[in-house]
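Residue numbers (the numbering used here): 12 to 140. First the structure, in the form of structure tokens, and then the observations on it.
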């Protein structure tokens with residue numbers, strides 16, 4: 012649940028930031044590079060036998076991405092000129108494991124404007140602005 016909620020917060024925060032800064036020419040997008048079961052990343056605190064088994068199963072199922080692909084996604088989101096005028100979007104991999112990043116509508120929960128504003132206000136309060 013915590014991981015899912017952290018991803019939801021990324022989407023909520025991005026939408027509100029986009030709304031607040033778009034008039035100033037600032038673009039804000041979020042992305043998820045997909046499942047990257049790397050033993051040095053997401054699974055570094057897990058039992059290594061579990062991590063290795065999960066890595067193998069996700070590979071056989073064809074749903075995992077690679078650390079290289081995840082880094083490529085980050086670079087694309089940060090510097091690709093095709094996104095210069097794009098803001099408030101969520102990008103993820105679909106279908107899973109096929110090394111394709113595309114914009115998709117977030118969940119209904121992620122589109123809740125009241126929750127976007129509440130998260131923004133809470134974040135501002137927590138950091139003292």
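Where a beta carbon is used, it is the ideal one built from N, C-alpha and C, also for glycine.
Given residue i as reference, the closest of the options once Cα atoms are compared
| i | options | result |
| --- | --- | --- |
| residue 98 | 16, 44 and 35 | 35 |
| residue 74 | 89, 105, 125 and 38 | 105 |
| residue 88 | 17, 13, 39 and 30 | 39 |
Delimiting residues of the beta strand (DSSP E) encompassing residue i
| i | result |
| --- | --- |
| residue 102 | 101 to 104 |
| residue 42 | 41 to 43 |
| residue 114 | 112 to 115 |
CB-CB length for residue i against residue j, believed under 8 Å
| i | j | result |
| --- | --- | --- |
| residue 62 | residue 48 | 7 Å |
| residue 110 | residue 80 | 5 Å |
| residue 103 | residue 43 | 4 Å |
| residue 107 | residue 45 | 6 Å |
| residue 114 | residue 100 | 5 Å |
| residue 27 | residue 128 | 6 Å |
CB contact flag (residue i, residue j, <8 Å)
| i | j | result |
| --- | --- | --- |
| residue 32 | residue 130 | no |
Contact set for residue i: own chain, Cβ-Cβ below 6 Å, skip 5 residues either direction
| i | result |
| --- | --- |
| residue 21 | 41 |
Cβ neighbours of residue i in the same chain (closer than 7 Å, five flanking residues each side left out)
| i | result |
| --- | --- |
| residue 19 | 120 and 121 |
| residue 55 | none |
N-terminal and C-terminal residue of the alpha helix (DSSP H) that residue i is part of
| i | result |
| --- | --- |
| residue 81 | 78 to 90 |
| residue 138 | 124 to 138 |
| residue 21 | 13 to 32 |
| residue 72 | 59 to 72 |
Cβ neighbours of residue i in the same chain (closer than 8 Å, five flanking residues each side left out)
| i | result |
| --- | --- |
| residue 50 | 59, 62, 63 and 66 |
| residue 126 | 23 and 120 |
| residue 134 | 24 |
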